[in-house]
Structure formats: structure tokens, C-alpha cells
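Below is one structure, written out as C-alpha cells; the observations come after it.
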Amino acid sequence: MHLLGRPGIQIKWSDSVRLTLIQPDDWHVHLRDGAMLRAVLPDTARRFARAIVMPNLKSPVRTVAEACAYRERILAVLPDGSAFRPLMTLYLTDNTATTEIEDAKASGFIHGVKYYPAGATTHSDLGVTDIERCYDTLAAMEAVGLPLLVHGEITDPSVDIFDREAVFIDRVLARLVARFPRLKIVLEHVTTGEGVAFVKAAPATIAATLTAHHLLLNRNAMFRGGLRPHAYCLPVLKRERHREALVAAAISGSPKFFLGTDSAPHARHTKEAACGCAGLYTAHAGIELYAEAFQEAGAIERLEGFASLHGPAFYGLAPNRKRITLVLEPWVVPAEIDLAPSGIADSLIPFRAGERVGFRIIATGP
Ligand code: NCD
Ligand code: ZN
Numbered sequence: 002m003h004l005l006g007r008p009g010i011q012i013k014w015s016d017s018v019r020l021t022l023i024q025p026d027d028w029h030v031h032l033r034d035g036a037m038l039r040a041v042l043p044d045t046a047r048r049f050a051r052a053i054v055m056p057n058l059k060s061p062v063r064t065v066a067e068a069c070a071y072r073e074r075i076l077a078v079l080p081d082g083s084a085f086r087p088l089m090t091l092y093l094t095d096n097t098a099t100t101e102i103e104d105a106k107a108s109g110f111i112h113g114v115k116y117y118p119a120g121a122t123t124h125s126d127l128g129v130t131d132i133e134r135c136y137d138t139l140a141a142m143e144a145v146g147l148p149l150l151v152h153g154e155i156t157d158p159s160v161d162i163f164d165r166e167a168v169f170i171d172r173v174l175a176r177l178v179a180r181f182p183r184l185k186i187v188l189e190h191v192t193t194g195e196g197v198a199f200v201k202a203a204p205a206t207i208a209a210t211l212t213a214h215h216l217l218l219n220r221n222a223m224f225r226g227g228l229r230p231h232a233y234c235l236p237v238l239k240r241e242r243h244r245e246a247l248v249a250a251a252i253s254g255s256p257k258f259f260l261g262t263d264s265a266p267h268a269r270h271t272k273e274a275a276c277g278c279a280g281l282y283t284a285h286a287g288i289e290l291y292a293e294a295f296q297e298a299g300a301i302e303r304l305e306g307f308a309s310l311h312g313p314a315f316y317g318l319a320p321n322r323k324r325i326t327l328v329l330e331p332w333v334v335p336a337e338i339d340l341a342p343s344g345i346a347d348s349l350i351p352f353r354a355g356e357r358v359g360f361r362i363i364a365t366g367p
């Protein structure tokens, strides 16, 4: 069976596995706004206690005031009784003022600043054109202790899309690390062996998030029997040896690597299009998919560190108090999620649509 978009799945679905772990957090998620926010937030809030919320709205979240208003909109549509806490971020531009950084730190609810190279991905047009223009801002972040969250892809169109992460590390990230030795940096959604090696060798100030889909799929998934827009995301899926390097990093126990789903919902017809949007929706199985990847790698006992401990430690926050329990008990993901009840005349195709996910959550509690 080619359940994972590649041969060789090793999970024995009949295995009896049950695990209880400290409730995880998602250190990289796109919650969007308005109707889409209403549709997707319950999936994240049901699994994760907290999430680092990406600021790439259509009109990006560039100021503390905008982040405050966005946070209020998220809290306003949380399911009743949910204790989910959104951890907000600012969107770095060529002109982000150092005073904005100081205010962000003082706000208490902003936990990072996201660096999108202009044009690298969804809603990144107002991103950074040249990081050297931001050196004063980065110095202010270093001084107040606000992490830089990096979309690590070079935008030079002459660079092969599969090489953009590695080239970004050589041309940009290595310089930043050398120039700002106390700045905390997260290489978001690392996708290559080069990225993993860089983060491992770098000082303790440098960490990386890993998505579940990059742990579970290689680039063949985009072309399985035809063109598969629902497997297209940025950074794009890479070849098998990179996926193996990512799994090795995730299960290594190193505190530098932690969970960030990069769940990025796009309505079906914006993905199934002549120029389809990048992004996979994974929040509906946000922890379950990681459990599957760790189980398949024979390292399920390492999941708690990766999902629940390394992220808080990096961000200087306490781990969560609650626990969740997962069992290996396959369930079938719906073929699509209707967005009409939320007010969008379209649907969302979730990761593994119509196929099985191995783990399910059976309890969340104290
Ligand atoms: C993200 C989105 O849609 O906002 N898309 C994606 O493929 N991951 C943007 C991003 O994180 O690059
Ligand atoms: Zn993202």
C-alpha cells in the first residue's frame, strides 16, 4: 500500500500502542482570518494548548496594534471552554521600526517576528527585500530577546526550487547567525539534510520546526499518478534522503528540533487551479500525524520531547500542565471539509483526504 505517497510503510496497524504525553503546542500554524479562521481554529485548539500564529494575512500583521486585534479575533471564535492560547507574531518588513520591536516584547503576547523573503510564499509580497535593511531591527530583537522566525528560501528565480533552502542557508542564514550571536532564530519548516546539518552545528540559539507532512512524504507524493495540488506546499517536498534526514532530526532527542505543523488552509478551488496555492491543511490530525511518523521510525517515546517540551524551552515558556492520550487506532479522514457553514462557498481538502491516519486522540485531561 502506498499510503504515505511512497512505498515501505512499516506501521503495523494491528499494533496496540497507547501513549499519554504532556499536551503539545504547535510552533508554526496559519489560522487565517474571518470565515476560514472560524472553520479551522477548532482543529488546532482541540489538540494544541498554544500555537505560534503566522502573521501572513492578506494584509500582514505588521504592528503590535494589528497583532492585538488579530489575537482578539482569534479568541472571539474559540470553541466554548477552550483554553487555547494564540502566541502572536509580527511580519517583518524593510521598515519595521525598532520601537515596534520594543513594544512587541513589552506586549507579552508577541513571541516572535517572521521573516519572509519578499515573494517567497503566500502573502509575502510585503516581506523583506534585503535583510541588511533590517539589521537595526534584528539588533533590537537581539537586545530585547524576541526570536526571528525564518522562511528559509532564497527567492532568486534562477535557483532551482529544490535548492532554495540550501542556498538561503549559505547566502543569508549563515551570515545572520554570525552577525547576531545572541539572536534566537528558528529555521521554520526545515526540509533538507543541509538545513538539519546547519541547525545541528549552529549554536544553541538556532532551532528548527519540522512539519508532519515533510516527515511523512517525499516529493514523489506531488506526482503520484498525476499532478497532486494538495501535496504542494512551500518549501516544496524534497527527495527521500532529505525526508530521512528530517525524521532523524525529529527523533534525535535534540532540543533544537520541535513541532510546527505549518498547517496552511486554502479553499479547494484555489489549489485545484492553473496556478494553485501552496499549503497543506494538516490541523485536523495535527498531533496524530507526528505520532505516526515517530511510530514508523520506531521512536514513539521521543514524541513528547519533540511535541511538548523542546518548543516551550526554546521560547522560554513553561510546558503545558494537561496531558493528551493517543491510541494507534486507524480512522479515515473525510474526503473534504465543507466550508459553507463557515461562510465560504467552497471546501477544504485535508491531508490524507479519504485515507487512513493511524493514531487518534482518546482523551485530553489534567
Ligand atoms: C503557507 C501559507 O499558505 O500561508 N504556505 C505553505 O505552503 N506553507 C506559507 C508558508 O508557510 O510558506
Ligand atoms: Zn507557514
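Residue numbers for the sequence shown follow our numbering, beginning at 2 and rising by one.
By construction, the Cβ of each residue, glycine as well, lies at the ideal position given by its N, Cα and C atoms.
Predicted, not measured: the structure shown is a model, and the values here were computed from it.
*Should residue 267 be listed as close to the ligand ZN, given that the test is whether its C-beta is under 7 Å from any heavy atom?*
As a position in the sequence shown, residue 267 is number 266, starting the count at 1. The answer is no for residue 267.
Exercise for the section: Using beta-carbon positions only, say whether residue 52 and residue 79 come within less than 8 Å of one another. Expected result: Here residue 52 refers to the residue found at position 51 of the sequence shown. Here residue 79 refers to the residue found at position 78 of the sequence shown. No.
- [ ] Going by CA-CA distance only, name the one from 352, 279, 149, 186 that's closest to residue 124.
- [x] Within the sequence shown, numbered from 1, the residue matching residue 124 stands at position 123. That would be 279, whose Cα lies nearest to the Cα of residue 124.
Subject >> residue 282 versus residue 121 - alpha carbon distance >> reply: By one-based count along the sequence shown, residue 282 stands at place 281. By one-based count along the sequence shown, residue 121 stands at place 120. Computed Cα separation, rounded: 19 Å.
Problem set entry | Assumed close pair residue 141, residue 99 - CB separation to whole angstroms, cut-off 8 Å | Numbered from 1 along the sequence shown, position 140 holds the residue referred to as residue 141. Numbered from 1 along the sequence shown, position 98 holds the residue referred to as residue 99. So it is a contact: roughly 4 Å between Cβ atoms.
Can you list, in chain order, the residues of its chain with a C-beta nearer than 8 Å to that of residue 8? Leave out the 5 residues immediately preceding and following it. As a first step, residue 8 is located in the sequence shown; it is residue number 7 there, counting from the start. Only weak support is given to the placement of residue 8: the predicted model assigns it a pLDDT of 41, under 50, and the value that follows is read from those uncertain coordinates. Same-chain partners within the cutoff: there are none.
- What's the gap between the Cα of residue 258 and the Cα of residue 311? By 1-based counting over the sequence shown, the position of residue 258 is 257. By 1-based counting over the sequence shown, the position of residue 311 is 310. Their backbone Cα atoms lie some 7 Å apart in a straight line.
Cβ-heavy atom distance between residue 311 and the ligand ZN below 7 Å?
On the sequence shown, residue 311 is found 310 positions in, with the first residue counted as 1. The answer is no for residue 311.
Give me the Cα-Cα distance between residue 93 and residue 330, rounded to the nearest whole angstrom. Translated into positions along the sequence shown, residue 93 becomes position 92. Translated into positions along the sequence shown, residue 330 becomes position 329. Going from the Cα of residue 93 to the Cα of residue 330 covers about 42 Å.
Close beta carbons around residue 168, own chain, < 7 Å, minus the five adjacent residues each side: Residue mapping note: residue 168 aligns to position 167 of the sequence shown, counting from 1. The answer, listed in chain order, is 155, 160.
- Item | Coil, strand or helix - residue 271 by DSSP | Numbered from 1 along the sequence shown, position 270 holds the residue referred to as residue 271. Of the three classes helix, strand and coil, the one that applies to residue 271 here is helix, per DSSP.
Q. Identify the residues that DSSP records as bridge partners of residue 366: which are they?
A. Taking the sequence shown and counting its residues from 1, one reaches residue 366 at position 365. Residue 366 is bridged to 324.
| request: Please look up how many angstroms separate the CB atoms of residue 336 and residue 355, rounded, as I've assumed it's under 8 Å. | output: Sequence index remark: in the sequence shown, residue 336 carries index 335 (1-based). Sequence index remark: in the sequence shown, residue 355 carries index 354 (1-based). Indeed, because the Cβ distance is near 4 Å, the residues count as touching under 8 Å.
Helix, strand or coil at residue 92 according to DSSP, with G and I counted as helix = Locating residue 92 in the sequence shown gives position 91, where the first residue counts as 1. Of the three classes helix, strand and coil, the one that applies to residue 92 here is strand, per DSSP.
Unbroken alpha helix (DSSP H) run spanning residue 53, endpoints: Numbered from its first residue, the sequence shown carries residue 53 at position 52. Looking at the DSSP string, residue 53 is not in any alpha helix (DSSP H); the run it does join, the beta strand (DSSP E), is 51-54.
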